[in-house]
Amino acid sequence: DTAVSQTPKYLVTQMGNDKSIKCEQNLGHDTMYWYKQDSKKFLKIMFSYNNKELIINETVPNRFSPKSPDKAHLNLHINSLELGDSAVYFCASSHTKRTGSSGANVLTFGAGSRLTVL
Amino acid sequence: TQLLEQSPQFLSIQEGENLTVYCNSSSVFSSLQWYRQEPGEGPVLLVTVVTGGEVKKLKRLTFQFGDARKDSSLHITAAQPGDTGLYLCAGAIRASYGKLTFGQGTILTVHP
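So the protein sequences, as listed, match chains A and B. Mind the numbering: the first sequence is residues 9 to 126 in my numbering, read in order. Mind the numbering: the second sequence is residues 40 to 151 in my numbering, read in order.
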């Protein structure tokens, strides 16, 4: 019973193509995220959705478009792929605490999708 | 932008040695988390610290949050090959709606 599952795990494609990565969580969480991990293992947030609403949108090229059809799914579509898009993309989910509350949201990550652009 | 400086970036030690990983920032965080990531997997939460000066222990791992909530450390006693992995610290601020800022990570290799 995978908590956060993302597909595909590996994706190899040519420059200029369009591709999608899908993510689903069965934890009942209300917030989902996309993170990008580069070749140096640095993990950076890209997007976050809370109850299907976009709440975090970092400085990401608009070739990247997230879509959340419902609370349990957050997909990532990438247009016109570039060499620099090669990375591991992680989906994550959490119960989000209200603004002002102490503590932090505990993220559950998927296993990652390794994208290689040739 | 909150930045977390994590050091060292690489650590290669023999089984049985002790080690400390540091996570420093000029920003104040409401909480700080430590994750461990194994090859081909996503990061898995080890601990969350929320109070300045807080110390938490998880078997041979000791986590500390600085008094000013700007830094944290992870100390491993008598490291074992099973501790090998990527260790990531991540800070959160209030009103950030779950946004975590990650450090660059420490790749730990423990040799038998």
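Every residue gets a Cβ at the ideal spot worked out from N, C-alpha and C, and that includes glycine. Quick caveat: nothing in here was measured; it's all calculated off a predicted structure.
Neighbour-count burial assignment, residue i, 16 or more Cβ in a 10 Å radius
i         : result
Pro74(A)  : buried
Phe49(B)  : exposed
Pro47(B)  : exposed
Pro82(B)  : buried
Ala118(B) : buried
Asn70(A)  : exposed
Ser109(A) : At Ser109(A), the pLDDT of 49 sits below 50, so the modelled position is not reliable; the number obtained from the coordinates is stated separately. The residue is exposed, with fewer than 16 neighbouring Cβ atoms inside 10 Å.
Thr87(B)  : buried
Asn83(A)  : buried
Thr59(B)  : exposed
Ser24(B)  : Absent from the model: residue 24(B). The displayed extent of chain B is 40 to 151, so no value can be given.
Lys96(B)  : exposed
Leu89(A)  : buried
Thr107(A) : With a pLDDT of 48 at Thr107(A), under the threshold of 50, the modelled position of this residue cannot be trusted; read the value that follows with caution. So Thr107(A) ends up on the exposed side.
Chain A contact residues for residue i, given Cβ-Cβ distances below 9 Å
i         : result
Pro151(B) : Result: empty, since nearest Cβ-Cβ is about 24 Å, beyond 9 Å.
Interface residues of chain A facing residue i [CB-CB closer than 7 Å]
i         : result
Leu127(B) : Leu51
Within chain B, the residues that residue i reaches when beta carbons sit closer than 9 Å
i        : result
Phe55(A) : Going along chain B, no residue has its Cβ under 9 Å from Phe55(A), so there is no contact; the nearest lies around 11 Å.
Lys48(A) : Gln48, Gln143 and Gly144
Chain-ordered chain A contacts of residue i [CB-CB under 8 Å]
i         : result
Lys138(B) : Ile53, Ser56 and Ile64
Leu42(B)  : Within 8 Å Cβ-Cβ: nothing; Leu42(B) doesn't reach chain A, min ~11 Å.
Per DSSP, cross-strand counterpart(s) of residue i
i         : result
Leu58(B)  : Ile115(B)
Pro74(A)  : Leu84(A)
His150(B) : Gln53(B)
Phe117(A) : Ala100(A)
Asn25(A)  : Beta-bridge pairing links Asn25(A) to no other residue.
Met54(A)  : Per DSSP, none; premise fails for Met54(A).
Glu44(B)  : Asn63(B)
Gln33(A)  : Val12(A)
Val20(A)  : Thr124(A)
Ser70(B)  : Ala131(B)
Lys60(A)  : Paired residue(s): none; Lys60(A) is not in a bridge.
Lys49(A)  : The partner list for Lys49(A) (beta bridge, DSSP) is empty, contrary to what the question assumes.
Chain-ordered neighbours of residue i on chain B, where CB pairs are closer than 8 Å
i         : result
Phe98(A)  : Gly81 and Pro82
Val114(A) : Gln72, Leu84 and Thr87
Gly120(A) : Gly79, Glu80 and Gly81
Phe72(A)  : Within chain B, no residue comes near Phe72(A); the closest Cβ sits about 17 Å away, beyond 8 Å.
Chain B contact residues for residue i, given Cβ-Cβ distances below 7 Å
i        : result
Gly36(A) : Within 7 Å Cβ-Cβ: nothing; Gly36(A) doesn't reach chain B, min ~16 Å.
May I have a chain-ordered list of the alpha helix (DSSP H) segments no shorter than 4 residues that lie completely inside the stretch 75-140 of chain B? none
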